[in-house]
Amino acid sequence: MKKLTLVTFLFISAIFGTTINVPADFSEIQLAIDSAVEGDTILVAPGTYYENLYIDTNLIIHSTDGPEETIIDGSGIDRVVYFYIHVDNSTEFSGFTIINGYVNAENWDAPPEGYGGGLLCAGATPELSDLIISNNYGRKGGGLAFYYTYYYENYANINNVQVRNNESVWDAVYITTHARVNIVNCVISENTSTMPSGGIEIRNDSRATVVNTIIFNNAGNITYPIIFDEDNESNILTITYSDIEGGEAGVNTHNNGVLNWLEGNIDADPMLDDEYHLMTGSPCIDAGTAYFEWGEFLLDLGPDDYLGLAPDIGVYEFVGLLGDLNADGDINVTDIVLLVDIILTEPGTPYEMWAADYNEDGLVNVSDIVQIVFVILNPPGRTMTVSTTANYQLTENEFVLTVDGAVAGIQLTTSGGYLITDNYLPNGWEFHENGMTVLAFSLDGTSINSGPLFSYGGNLEIVEIIITDWNGNNVATLTPNQFTLHPAYPNPFNPMTNLSYDLPEDTDLTIAIYDLQGRMVEELANGHVSSGSYKVTWQADNQPSGMYFVQMVTGATVQTQKIILLK
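According to numbering that gives the first Met the number 0, the residues represented by the sequence shown are 0 to 566, in order.
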């Protein structure tokens, strides 16, 4: 399942910075940190690192393969990551799982010793992204804590961070003493506390902004997922486009600050799976915001930064199920209807286009329809004849298909002024066209073989043809390799004969009938024609018996043959 980082941080060294690789250059992350100077980049390869990091220099620290592959284990002896005073927004820490941190200092007069079992920012405002902070213990802030982060008048930013399954006395996220934090596209869930909320506590003149974030299913000795302290300086919390358990009533300010409860917030089960991805039907899908400006805070996402109509609330963008275009959790005929509409009219939403490309070839066409039909029918043990080659012929009024096996779907891209008058498809087949595209496909598992598919009037030209079998293979369409006027059939004839011809490339074409004196009797074709195989019919009711000549002239060739009319 694709993971989308909605706020992307630069993944480059400063102009004069050095890149240090762990474990290639140093076996431990802390050794790399100790050797680095401000502006350096540390890249950490996949693995489990048993360390307790202390960072007081502005660095860029990234994993190369993401949090699922790169784990920092605190071994239960101290917090896992500690950012200290000199760290500001130029520091990036991204792509790690942080587990088994432990802090339990009970000396209330010596903060922040018991803060942040997984991660602590003390007077530091790093950019934290793509982290999983799980299974840690801290007396205040089992997962992470922010203390006096306004030291440099900056906000700490956390983006795409999961804070889950942590334990504490006071809350999973502890924001205290002039702390300033922006929380964007995060999940805070399944944390437990023996005292207040289990979610977030904000204390002593702190500020937090929460956007596109889930705070749900945390357990404490009170029912509020977010609380303010009662006694110290007042706090300010701004929440928008987030899923907060209990809604606005789930935030207890203790009349000690301001809650800016803005638009877009919901109170509904986010429907998270075991990996904290949104499941089909989650109310958080497309429920976030791409743009939010509040004071000095700005979130401004482009359409390529998310899937669907709007960003999702939470860490992961919901990418759904291939073939499930309407995202209802099931693949059925409704999805086929949407797919046909996309092919015939206009592209769908980014999610619909992703779900429509069932065979993941980067194209949306009849091959995807056939594969979705096959999934719906799910024919146990059914084997289908595989087609390997196909050819087609345009007569004066019919499209004729010739294949060496069974066909499950056809898509034509067309041009010219024409009108389809009838089709000869069997029951169980669907036929759609819009003047530029012709679609024909089976809905019941039946196949078609060689023969005419439809009749038409006017000037029909085939620009592109896709023919697919039940295995989802695009059948190779044979293209003529030379200009050929095939022998007329029947010959001799009365009063009608068929003239077939092949064009290996687009060309100007004339086909005419001449008598023995060289006079043109009738012109059967004249114009610019696309490559392909064609057939025209000469109806000679008004001509006398005798010998005639058929001449085909293209830009490259002139071919002539004799025909005999016997009445």
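All C-beta atoms, glycine included, are put in the ideal place defined by N, C-alpha and C. Bear in mind that the values here come from a model prediction, so they are computed numbers and not experimental data.
Spanning the alpha carbons of aspartate 77 and glutamine 161 requires a straight line of approximately 20 Å. Under the criterion of beta carbons closer than 8 Å, lysine 534 and leucine 393 qualify as touching, at roughly 7 Å. When rounded, the separation of the alpha-carbon atoms in tryptophan 469 and glycine 531 is 25 Å. Using a Cβ-Cβ distance cut-off of 8 Å, the region 475-495 and the region 427-436 are not in contact, since fewer than three pairs of beta carbons, one from each stretch, lie closer than that value. DSSP assignment within the region 246-298 yields the following whole beta strand (DSSP E) runs of 3 residues or more, N-terminal first: 256-260 and 290-293.
Across the structure, leucine 321 and valine 374 are spaced so that their CA atoms are roughly 11 Å apart. About 17 Å separates the Cβ atoms of glycine 263 and isoleucine 225, ruling out a contact at the 8 Å cut-off.
With respect to the 7 Å criterion, isoleucine 461 and asparagine 473 are not classified as neighbours on the basis of their beta carbons. For serine 441, the uninterrupted beta strand (DSSP E) run begins and ends at 436-441, by DSSP. The Cβ neighbour count for isoleucine 221, taken over all protein chains shown within 10 Å, is under 16; the residue is labelled exposed. Put simply, the region 443-458 touches the region 406-423. At least three CB pairs are less than 8 Å apart.
By the Cβ neighbour-count rule, methionine 435 is exposed, with fewer than 16 other Cβ atoms within 10 Å of its own. Spanning the alpha carbons of valine 186 and valine 339 requires a straight line of approximately 37 Å.
By the neighbour-count criterion, in which a residue is buried when 16 or more other Cβ atoms sit within 10 angstroms of its Cβ, proline 125 is buried. In this structure, Ala207 is the residue among Ala207, Gly38 and Leu324 with its C-alpha nearest to the C-alpha of asparagine 181. Only residues of its own chain outside the window of five on either side were considered, and among them Met519, Val520, Tyr547, Phe548 and Gln550 have a CB closer than 7 Å to the CB of tyrosine 513, listed in chain order.
Contact fails between the region 313-328 and the region 291-299, because fewer than three Cβ pairs, one in each stretch, are under 8 Å apart.
Remark: C-beta atoms of tyrosine 223 and serine 192 do not approach each other more closely than 7 Å. By the C-beta density criterion, serine 544 is exposed, having fewer than 16 other C-beta atoms within 10 angstroms. Taken through DSSP and simplified to helix, strand or coil, alanine 524 comes out as strand. For proline 111, the closest of Gly100, Tyr146, Ser89 and Ser446 by C-alpha to C-alpha distance is Tyr146. Going by DSSP, threonine 40 is part of the beta strand (DSSP E) stretching over 40-43. Within 10 angstroms of the beta-carbon of asparagine 259 lie fewer than 16 other beta-carbons, which makes it exposed. Of Leu565, Ile312 and Asn426, the smallest CA-CA separation from methionine 270 is found for Ile312.
Taking C-beta atoms as the reference points, asparagine 184 and valine 314 count as a pair closer than 7 Å. Inter-residue distance for aspartate 285 and leucine 261 is about 17 Å (C-alpha atoms, whole angstroms).
Between the beta-carbon of threonine 509 and that of alanine 487 there is about 17 Å, and that puts the pair past the 8 Å contact cut. Taking a contact as a CB-CB distance under 8 Å, the pair aspartate 39 and leucine 52 does not count as one, their CB atoms being some 15 Å apart. In the displayed model, tyrosine 83 falls within coil according to three-state DSSP, outside both helix and strand. With a contact defined as Cβ atoms closer than 8 Å, asparagine 135 and arginine 163 miss out at about 10 Å. Going by beta carbons, isoleucine 28 and tyrosine 49 fall outside the 7 Å limit.
With contacts defined by Cβ atoms closer than 7 Å, threonine 237 and arginine 202 do not form a contacting pair. Around the Cβ of valine 257, a 10 Å sphere holds fewer than 16 other Cβ atoms; the residue is exposed.
Between the C-alpha atoms of leucine 277 and serine 414 there is a straight-line separation of about 44 Å. In its chain, beyond the 5 residues on either side, Thr47, Tyr48, Tyr49, Glu50, Val79, Ile98 and Asn99 have a beta carbon closer than 8 Å to the beta carbon of aspartate 72. With a threshold of 16 other beta carbon atoms within 10 Å, leucine 564 meets it and is buried.
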